[in-house]
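Only one structure is covered here, and it is reproduced in the block below.
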Amino acid sequence: MMDEGFLGYSRSNGKVGIRNKIAVISSVVCANTVARRVAEKIDNAVAITHPHGCGQIGRGFSYTFNILAGLGSNPNVYGALVIGLGCENLFSNELADKIRESKKPVESFNIQEIRGGTIGAIEKGIEICKDFDKKVKDLKREFFNFSHITLGLECGGSDATSGLTANPALGIVSDKLVTLGGTSILPEFAEWGGAEHLLSKRAINEEVAEKIKEPFKRFSGENRSPGNIAGGLSTPEEKSLGNITKAGKSPIQGVIKYTEKPGEKKGLWLMIEPGLDVISVTALAAAGANIIVFTTGRGTPFGNPVAPVIKICGNPKTCEFMANNFDIDASKIITNNKTIEDISVLLWKKLKDVCNGEKTISEKLGFEEDIGFWGA
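Sequential numbering of the sequence shown, starting at 0, is according to numbering that gives the first Met the number 0.
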């Protein structure tokens with residue numbers, strides 16, 4: 000087992016990417032169109048755009064800055080271009096400097112400082128990214144072990160099948176990755192409620208256990224969406240018990256806050272953030288997840304600009320209606336006498352294939368511009 004590995008791209012900071020993206024990041028909403036126009040002209044480029052960056056203060060500003068910096072620093076990103084307007088308070092050069100700490104090539108400019116306005120800015124951005132793209136195409140994949148993989152564990156559109164099929168199959172895969180020296184991150188703290196005592200028992204020490212329990216001293220309430228209820232999740236506790244099966248049985252190394260990254264210890268980590276699908280996946284990618292597995296019962300189509308998202312569904316009806324949105328059909332546990340272990344084997348193989356370059360369904364469908372921010 001310890002000989003298992005994948006072919007990835009070495010980064011100057013010691014990280015390893017499974018994709019070679021050029022991130023074209025708008026520092027402010029006013030630069031979104033220019034960023035998109037640049038990215039659409041470059042083979043390996045993705046636009047990272049958003050409705051923020053101007054007039055923000057305090058926590059909202061910090062969240063926007065740190066999420067954008069985290070996405071630009073993700074191991075799957077070869078290099079980044081940050082485009083600002085020039086009068087916003089989220090400065091493009093400061094965001095570029097933060098991303099540059101990950102030791103990757105980064106450029107930035109402001110539209111207001113480019114002769115020719117938006118047309119001139121688009122031309123300049125394309126010129127910069129063409130240079131990046133030449134270098135991207137020269138890079139070759141090398142063999143690495145799975146200690147270089149950080150896996151995001153996400154669910155959305157959950158229903159009564161999720162905790163019986165896709166979630167526990169993902170838990171087995173997460174445990175295998177941890178055994179191989181990798182890292183997994185479980186977000187969505189609001190969806191641990193009623194099961195936090197089970198997670199805290201898996202903490203490596205009392206300090207970590209207290210960090211798991213602490214949010215629930217301040218937070219209580221319903222964590223089911225209308226779709227969850229319609230899908231047959233009878234109580235918040237039922238949803239939580241199903242949710243945490245995504246994290247398998249591995250010891251919990253620590254708890255990170257929204258916009259933070261796991262520490263040096265490999266293994267399973269928890270993330271305190273709200274449990275909204277796009278926000279969670281964005282936070283996982285910003286925390287350094289090379290790859291994300293998204294379990295669902297009712298179905299969901301979105302992806303992520305920098306981290307491939309594998310979709311696995313356990314509801315037979317949804318797998319029939321939305322078959323072209325899923326990489327793995329876990330409903331066979333219900334309909335075809337397959338076991339959770341059988342599906343976990345398929346999911347592990349899919350994870351390895353995606354790490355080696357195979358595109359996920361979300362990537363093939365072009366779902367690569369979906370990001371969200373918490374409280375921004």
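C-beta atoms are modelled at their ideal positions from N, C-alpha and C, and glycine is treated no differently. Note that the structure is a prediction, hence the values are computed from the model and not measured.
For V254, the enclosing beta strand (DSSP E) covers residues I251 to K256.
A direct Cα-to-Cα measurement between G192 and E213 gives close to 11 Å.
A direct Cα-to-Cα measurement between L138 and E263 gives close to 27 Å. By the Cβ test, the stretch 3-11 is not in contact with the stretch 271-286, since fewer than three Cβ pairs between them sit closer than 8 Å. DSSP lists N144 as the bridge partner or partners of G4. DSSP places T338 in the coil class of the three-state scheme, outside both helix and strand. Straight across, the Cα-Cα distance linking P304 with A165 is about 24 Å. When Cβ pairs closer than 8 Å are counted between the two stretches, the stretch 293-303 is seen to touch the stretch 149-165, the count reaching three or more. The alpha carbon of I184 has as its nearest neighbour, out of F301, V15, L269 and Y77, the alpha carbon of L269. Straight across, the Cα-Cα distance linking K310 with K40 is about 28 Å. When the Cα atoms are used, D341 and G119 turn out to be separated by approximately 55 Å. Apart from sequence neighbours up to five positions away, the residues of its chain that approach T317 with a beta-carbon distance below 7 Å are G296, R297 and G298, ordered along the chain.
Taking T334 as reference, the option from S101, K136 and L163 with the minimal CA-CA separation is L163. Taken atom to atom, the span from the alpha-carbon of N92 to that of D174 is near 40 Å.
Residue burial annotation: R114 is exposed, with fewer than 16 other C-beta atoms found within 10 angstroms of its C-beta. Membership of V277 in the alpha helix (DSSP H) is indicated by the continuous run D276 to A285. Its Cα nearest to that of G13, the residue N73 stands out among W347, N314, N73 and N109.
Using a C-beta cut-off of 8 Å, the stretch 40-52 makes no contact with the stretch 249-265, since fewer than three inter-stretch Cβ pairs fall below that distance. Within the model, the alpha-carbon separation for E87 versus E106 is close to 18 Å. If you draw a straight line from the Cα of L346 to the Cα of N314, it comes to about 16 Å. When DSSP states are grouped into helix, strand and coil, I47 belongs to the strand group. Per the coordinates, the alpha-carbon of S239 lies some 6 Å from the alpha-carbon of A194. Selection N31, E141, K129 and T178 evaluated against K20 yields K129 as nearest (Cα-Cα).
Here the alpha carbons of Q111 and V177 stand approximately 48 Å from one another.
Secondary structure of W268 (DSSP, three-state): strand. In this model, A288 and L275 are separated by some 17 Å (Cα to Cα). In the DSSP assignment, A165 falls outside any beta strand (DSSP E) and lies within the alpha helix (DSSP H) extending over A165 to T178. Sequence-distant partners of G247 (beyond 5 residues in either direction) whose C-beta falls short of 7 Å from its own C-beta, in its chain, are G170, I171, S173 and D174. Shortest Cα-Cα distance from G266 to any of H147, A38, V15 and T117 involves H147.
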